[in-house]
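S.K.: Count along the sequence shown starting at 1, add 663, and that's the number in the working numbering.
Quick reminder that beta carbons are idealized off the backbone N, C-alpha and C, glycines included.
Small disclaimer: the values here were computed from a predicted structure and weren't measured.
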Amino acid sequence: MGKNPVLRRCIACNSQKEKSEFIRIVKPKDEEISIDLSGKKNGRGAYICKNMECLNKVMKSKRLEKIFESDLNEDFYESLKRYIVG
664 MGKNPVLRRC IACNSQKEKS EFIRIVKPKD EEISIDLSGK KNGRGAYICK
714 NMECLNKVMK SKRLEKIFES DLNEDFYESL KRYIVG
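In structure tokens:
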């Protein structure tokens, strides 16, 4: 029998999908929060769907700030928007 994929959950819409279908945001110990394109960086991670609707929910609720207990600047959200829009 094949191996079951490990599912992750979007912090905005709560949908479960495979890891590759999300954007991973990571906060390594004593480092800045960043977008983890490889999905393999060490640190606390959070997943968000690759769409503007979920990003808008996260921005409005300040969900990432709460998860990482850290302030995020507008530049970080702009880079996330650019990644989603393409």
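Is the beta carbon of I747 less than 8 Å from the beta carbon of K713?
M.R.: Working through the sequence shown from its first residue, we reach residue 747 at position 84. Working through the sequence shown from its first residue, we reach residue 713 at position 50. Against a cut-off of 8 Å, the Cβ pair of K713 and I747 comes out as a contact.
S.K.: Would you kindly work out how many angstroms separate the C-alpha atoms of V669 and N677, rounded to a whole number?
M.R.: The residue given as residue 669 occupies position 6 in the sequence shown. The residue given as residue 677 occupies position 14 in the sequence shown. Their backbone Cα atoms lie some 15 Å apart in a straight line.
S.K.: Going by DSSP, what residue range makes up the beta strand (DSSP E) through K713?
M.R.: What you label residue 713 is simply residue 50 of the sequence shown in a count that begins at 1. Careful: K713 lies outside any beta strand (DSSP E) and carries neither H nor E.
S.K.: What is the residue span of the beta strand (DSSP E) that S742 lies within?
M.R.: If you number the sequence shown from 1, residue 742 lands on position 79. Taken as a continuous stretch (DSSP letters only), S742 belongs to no beta strand (DSSP E), being part of the alpha helix (DSSP H) at 737–748.
S.K.: Are I696 and L743 touching if we call contact CB-CB under 8 Å?
M.R.: Position 33 of the sequence shown holds residue 696. Position 80 of the sequence shown holds residue 743. Going by C-beta atoms, I696 is not nearer than 8 Å to L743.
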